[in-house]
Amino acid sequence: MAFQQSIKILCCVLLAASAAHAQVQVKQAALPYAGFKALEPRIDARTMELHYGTHYAGYVKNLNAGLTDATASGLKLPATDLTGLIRSVKSLPAPLNTTVRNQGGGAWNHGLYFKHLAPPASPSVQAAAISPQLKAAITLSFRTVENVTAELTAAAGKVFGSGWAWLCYTGNSGVPLAITTTPNQDNPLMGNLPGAPAVKHAGCTPILGIDVWEHAYYLKHGPKRPEYLADFWKVLSWQAVSANYAAALAGNVAAMVA
Amino acid sequence: MPFTLPPLPYAMDALEPHMSKRTLEFHYGKHHQAYLDNMNKQIAGSELEAKTLEGVVLSSWNNGSPTPVFNNAAQVWNHTFFWENMKPNGGGAPSGKLADAINASFGSLDEFKAQFKNAGATQFGSGWAWLVADKAGKLTVEKTPNAVTPLVEGKTPILTMDVWEHAYYLDVQNRRPDYMNTFVEKLIDWEAVAKRFEAATA
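So the sequence lines, in the order shown, correspond to chains A and B. Numbered by our numbering, the letters in the first sequence go through residues 140 to 397 in order. Numbered by our numbering, the letters in the second sequence go through residues 2 to 203 in order.
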């Protein structure tokens, strides 16, 4: 009897221990279109292959390795999903904070990016695909779709070095949308980071992201970022951005990048 | 008087196969040139025009609150410095006082190379890896983001490696480590570096 009880206790302890060290691992979002050639001729297949298959994949792999190391050393993570980790990056100890910032940021940002692109012939890239909800938000915040795309394009053009331009949900019902930029793989969800320049609208929820790291465009356009930006708008899915806006309103941010 | 770009110290195809002609055409002909043109537009009619390029860099750094001129001016300076520390059939090993200083500061040339490449690998996003000398001949490896340069800390660089993606993406795509190996083994002009070391320790 005592022996059987000991076994039960041992099993409970082992299960509890493994639960405490349960792995938090992140996955790449699947492409919602048929492969690397789908965005041709706007975004070339080779760039898609490298950008998705190597850069994005690398961020996910490195993040997962960092999470494994952290939990193996006994750290209790404040969140078990990518969005939660990004939001809590400032509370994480070193070196996990840097891993989540750079690799986790890369994983989050690229999930949003690849999921909101569509083939150039798809109706979802037309302005008509903008939901009434998103249209109203654009009207309140920028007056017209032309204005918001022009301002986002200008912001993306001005980023020096590597980084992103974002259209964000502010949570402010009067001006629900705003544009901001972040360096490297930083993301407005991270808030203002120590040692980094202040982010306009820090804490806002991105619903549209333009990657302006050179790897996003260099093979096709060389240094000509404006030409890449023109291509970007031809494959940007307003349908996906509308869904992102609805998700942001509903507080379901994690769905945008999964 | 507006600033001008010094010519590339070698032909655009002279660093093949280690750094392609196409890369140099873009890197020198478009990136470096654009930094220069933009800087000239920004400083036209201001007292910065009368300074040396280094003076413009230091002035626009503005003690850590850089003005819009800084990114362009520093990138003009950094890239000129970069071209000058490469040569066709480069690589090999330093000799003389520089070799001694590397051994004294790092233990060995291999250890220096490892630290230098590690700096380049861990500069997340865009930036530069540097070898810096002080007046006593002590060498240290540094890394800087974007346009930042050790000049702004009053330091004397003697070698640099550009790790912005545009420096290597056409040739090796995401494989920055391959680019850095090639730079270190096949491109460094150790004589140019030695001359800078002499000047730094004079």
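Virtual Cβ for every residue (Gly too), placed ideally from N, Cα, C.
- Item | Secondary structure of A/M395, DSSP reduced to three states | In the structure shown, A/M395 sits in a helix (DSSP, three-state: H, G or I).
- Item | Separation of B/T123 from A/G342, as counted between CA atoms | The straight-line gap from Cα to Cα measures roughly 27 angstroms.
- How would you write the range of the beta strand (DSSP E) that A/G197 sits in, first residue to last? Here A/G197 belongs to no beta strand (DSSP E); instead the alpha helix (DSSP H) covers 196 to 211.
- Task: Let me know if A/H249 comes out buried or exposed under the rule of 16 or more other beta-carbons within 10 Å of its beta-carbon.
- Result: A/H249 is buried by the Cβ-count criterion.
- What does a CB cutoff of less than 6 angstroms around A/Y252 pick up in its chain, not counting 5 residues either side in sequence? Exclusion of the five residues before and after A/Y252 leaves G348, D350 as the residues of its chain whose Cβ lies within less than 6 angstroms of its Cβ.
- Count the other CB atoms within 10 Å of the CB of A/V314; is the residue buried (16 or more) or exposed (fewer)? Flag for A/V314 reads exposed.
- A/A159 in three-state terms, based on DSSP: Because A/A159 sits at a pLDDT of 49, beneath the cut-off of 50, its placement in the model cannot be relied upon, and the following sentence gives the value as read from the coordinates. DSSP, reduced to helix, strand and coil, places A/A159 within a helical segment of the structure shown.
- Would you mind working out which of A/Q242, A/W247, A/G302 sits nearest A/G423, comparing C-alpha positions? Given that chain A is displayed from residue 140 to residue 397, the structure contains no residue 423 of chain A and the question cannot be resolved.
- DSSP puts B/G128 in a beta bridge; with which residues? Per DSSP, B/P146.
- How about the region 186 to 198 of chain B and the region 86 to 101 of chain B: do they share at least three Cβ pairs that are nearer than 8 angstroms? A contact between stretches requires three or more CB pairs, one per stretch, nearer than 8 angstroms, and the region 186 to 198 of chain B meets this requirement with the region 86 to 101 of chain B.
- Return the first residue and the last residue of the alpha helix (DSSP H) that A/T186 is part of. Taken as a continuous stretch (DSSP letters only), the alpha helix (DSSP H) holding A/T186 covers 184 to 189.
- Of all the CB atoms in chain A, is at least one closer than 9 angstroms to the CB of B/N41? No, no contact with chain A.
- Message: Between B/D14, B/E26, B/N79, B/D101, which has its C-alpha nearest B/V153's C-alpha?
- Response: Selected option, being the one with the closest Cα: B/N79.
- Task: Provide the residue span of the alpha helix (DSSP H) that contains B/M181, from first to last.
- Result: Per DSSP, the unbroken alpha helix (DSSP H) holding B/M181 starts and ends at 177 to 183.
- Item | Where A/W352 meets chain B, residues with beta-carbon distance less than 8 angstroms | The answer, in chain order, is G126, E166.
- Along the chain, where does the alpha helix (DSSP H) that runs through B/D5 open and close? Looking at the sequence itself, residue 5 of chain B is Thr, so the reference to Asp does not match. In the DSSP assignment, B/T5 falls outside any alpha helix (DSSP H), carrying neither H nor E.
- Report the option in B/R197, B/A168, B/E192 whose CA atom is closest to the CA atom of B/F184. Of the listed residues, the one whose Cα sits closest to B/F184 is B/A168.
- Message: Against A/H194, what residues of chain B qualify as contacts under a CB-to-CB distance less than 9 angstroms, listed in chain order?
- Response: Here the neighbours are N175.
- For A/L358, go through chain B and note every residue whose CB falls closer than 8 angstroms to its CB, in chain order. Think of a sphere of 8 angstroms around the beta carbon of A/L358: the chain B residues whose beta carbon falls inside it are Y170, L171, Q174, in chain order.
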